[in-house]
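A.B. asks: One structure follows; several queries about it will come next.
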Ligand SMILES: *Cc1c(COP(=O)(O)O)cnc(C)c1O
């Protein structure tokens, strides 16, 4: 059958090789190495002339099956699974960047991503130019011949800012550089990054895909849509590898040398998570919308920040790119930091934890936690307010969650 729906294609992806025991779920190949019958076969495999597995830092059947399932539903040219979302970001960027290059991005990013760009990369001579990614002219003014990539989060965490992907994609294409997007906030069952012009997609699979917070994971999806011929780093390679240049560099060098490939146990858990993602997301996103709407009418709440609310500055672009249910997370402001702490301490159902898109609803005060090591000035530049609480909506009913929120709001002023 052609044109299977998302759930069917993700559930029924065949194994590449038949299993000796007809296992219905993919076995966990907990092995570091693979045996060969002769030296000749070994040579062929190690030199990449046959697709056999040689060592699990490079490839592993269970991890590959997870990658193939993601590839099946996203139609990416290649998928690479790694140990965490941060490993996905760092491996992808290392494959594209060189000493003396620059990266154009927004200061409104997940805290560790910001720190990676601002501090970690700076030691290696990579300059990060932070600008307003929702302003295409400003982005273009920051690009020069040493720009290696544009990077953004499609819905920034936790500011919930939404840039116009099509216009950024046009600019990136004009300059022969990839638009690299972290799409962790909106899963691929509802949002096609490639159709919006994203060239390389980054996902923290710790979140929607794992679902139950079982494990950390990251994905790098290459849609093979960039002409790297003008790239100081990949230009030469592109003469032979063409649009596969990034994937080639990533898989044959960076991934192998940095050693962050996903492990088989994790791939097994995340494959199970992927099977139920569609149904979980539908419920979580609908509950999120209902809660945001109901909470925006509560007098104790100064502001609800969620892009599907009509008064949100990103309402139109969010609707155009993500539809009526833009993710299962929103933020809201109370009157002060103290009120936010009291509210969090009063919660009875919603859990006090970081992480996003878990089956359980989770609340956190970003300024004192994820952004706790930054100073006030840096937090202001990143638009992180002391009054703000981030809520990741889980699988509980909207009524249960709303009651917990309303009760917790009592006596917070
Ligand atoms: C959580 C998160 C990451 C990092 O992912 P890990 O799996 O925790 O390493 C990156 N980007 C965004 C938007 C995230 O929410």
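Numbering (the numbering used here), first residue to last: 357 to 769. Think of the CB as a built atom: it goes at the ideal place given N, C-alpha and C, for glycine as much as any other residue.
Should the segment 482–492 be regarded as contacting the segment 455–464, the criterion being three or more beta carbon pairs within less than 8 Å?
C.D. replies: With a cut-off of 8 Å, the segment 455–464 and the segment 482–492 count as touching, because enough Cβ pairs lie within range.
A.B. asks: What ranges does the beta strand (DSSP E) occupy inside the segment 418–489, keeping only unbroken runs of at least 3 residues that lie completely in it?
C.D. replies: Uninterrupted beta strand (DSSP E) stretches at least 3 residues long and entirely within the segment 418–489 occur at 434–438, 458–461, 483–486, given in chain order.
A.B. asks: Is it buried or exposed, residue 690, if we count other Cβ atoms within 10 angstroms and call 16 or more buried?
C.D. replies: In the assembly as shown, residue 690 is a buried residue. Its beta-carbon has 16 or more other beta-carbons within 10 Å.
A.B. asks: For residue 624, which residues of its own chain have a beta-carbon under 6 Å away from its beta-carbon, when the five flanking residues on both sides are left out?
C.D. replies: 384, 418
A.B. asks: Is any non-hydrogen atom of ligand 1 found closer than 8 Å to the C-beta of residue 716, if you look at the structure I gave you?
C.D. replies: no
A.B. asks: What residues in its chain sit with their C-beta under 8 Å from that of residue 671, if we drop five residues either side in the sequence?
C.D. replies: 663, 664, 665
A.B. asks: Whose C-alpha, out of 552, 768, 583, 622, is nearest the C-alpha of residue 505?
C.D. replies: The closest CA to that of residue 505, considering only 552, 768, 583, 622, is found on 583.
A.B. asks: Note down, in chain order, each residue of its chain lying with its Cβ closer than 7 Å to the Cβ of residue 809, except the 5 sequence neighbours on either side.
C.D. replies: With the chain covering 357 to 769 only, the question about residue 809 has no answer from this structure.
A.B. asks: Would residue 616 count as contacting chain B if we go by Cβ distances under 9 Å?
C.D. replies: The structure shown has no chain B; it contains just one protein chain.
A.B. asks: Starting from residue 660, follow its DSSP beta bridges and name the residues at the other end.
C.D. replies: 688
A.B. asks: Pair every Cβ in the segment 537–553 with every Cβ in the segment 681–690, then say whether three or more of these pairs are closer than 8 Å.
C.D. replies: yes
A.B. asks: Does the beta-carbon of residue 456 have 16 or more other beta-carbons within 10 angstroms, so that it is buried, or is it exposed?
C.D. replies: exposed
A.B. asks: Can you name the residues that DSSP bridges to residue 331?
C.D. replies: Because the chain is modelled from 357 through 769, residue 331 falls outside the range shown and cannot be assessed.
A.B. asks: DSSP on residue 367, reduced to helix/strand/coil?
C.D. replies: helix
A.B. asks: Can you tell me which of the three DSSP states residue 560 falls into?
C.D. replies: Residue state, collapsed to three classes: strand.
A.B. asks: By how many angstroms is the C-alpha of residue 613 removed from the C-alpha of residue 402?
C.D. replies: 15 Å
A.B. asks: Can you have a look at residue 538 and say buried or exposed, based on whether 16 or more other CB atoms are within 10 angstroms of its CB?
C.D. replies: buried
A.B. asks: Hey, which unbroken runs of the alpha helix (DSSP H) at 4 residues or more fall wholly within the segment 553–633?
C.D. replies: 591–597, 601–605, 611–614
A.B. asks: Could you give the residue range of the beta strand (DSSP E) that holds residue 538?
C.D. replies: 535–538
A.B. asks: Here's the rule I'm using: 16 or more other beta-carbon atoms within 10 Å means buried, otherwise exposed. How should residue 375 be labelled?
C.D. replies: exposed
A.B. asks: Does ligand 1 have a heavy atom nearer than 8 Å to the CB of residue 488?
C.D. replies: no
A.B. asks: For ligand 1, I want to know if residue 509 counts as a neighbour, meaning its beta carbon is within less than 8 Å of at least one of the ligand's heavy atoms.
C.D. replies: yes
A.B. asks: Between residue 445 and ligand 1, is the CB less than 8 Å from at least one heavy atom?
C.D. replies: yes
A.B. asks: Using the Cα positions of residue 679 and residue 728, report the straight-line distance between them to the nearest angstrom.
C.D. replies: 33 Å
A.B. asks: Going by the beta-carbon positions, is the gap between residue 760 and residue 706 smaller than 9 Å?
C.D. replies: Taking 9 Å as the Cβ cut-off, residue 760 and residue 706 qualify as a contacting pair.
A.B. asks: Taking residue 797 as the reference, which of 412, 396, 413 has the closest Cα?
C.D. replies: With the chain covering 357 to 769 only, the question about residue 797 has no answer from this structure.
A.B. asks: For residue 727, which three-state DSSP category applies?
C.D. replies: When DSSP states are grouped into helix, strand and coil, residue 727 belongs to the coil group.
A.B. asks: How about residue 541: is its Cβ closer than 8 Å to a heavy atom in ligand 2?
C.D. replies: Here the bound small molecules are ligand 1; ligand 2 is not part of this structure.
A.B. asks: Do residue 595 and residue 443 have their C-beta atoms closer together than 9 Å?
C.D. replies: no
A.B. asks: So is residue 393 buried or exposed if we call it buried at 16+ other beta carbons inside 10 Å?
C.D. replies: With a threshold of 16 other beta carbon atoms within 10 Å, residue 393 falls short and is exposed.
A.B. asks: Between the beta-carbon of residue 452 and the beta-carbon of residue 608, is there less than 9 Å?
C.D. replies: Not in contact: residue 452 and residue 608 (Cβ atoms no closer than 9 Å).
A.B. asks: Please state the DSSP three-state secondary structure of residue 678.
C.D. replies: helix
A.B. asks: Taking 8 Å as the cut-off, is the beta-carbon of residue 416 closer than that to any non-hydrogen atom of ligand 1?
C.D. replies: no
A.B. asks: Taking the alpha-carbon of residue 796 as reference, which of 592, 565, 601, 493 has the nearest alpha-carbon?
C.D. replies: The shown model of the chain, from 357 to 769, leaves out residue 796, and the question about it has no answer.
A.B. asks: Under 8 Å from any heavy atom of ligand 1, does the C-beta of residue 513 make it?
C.D. replies: yes
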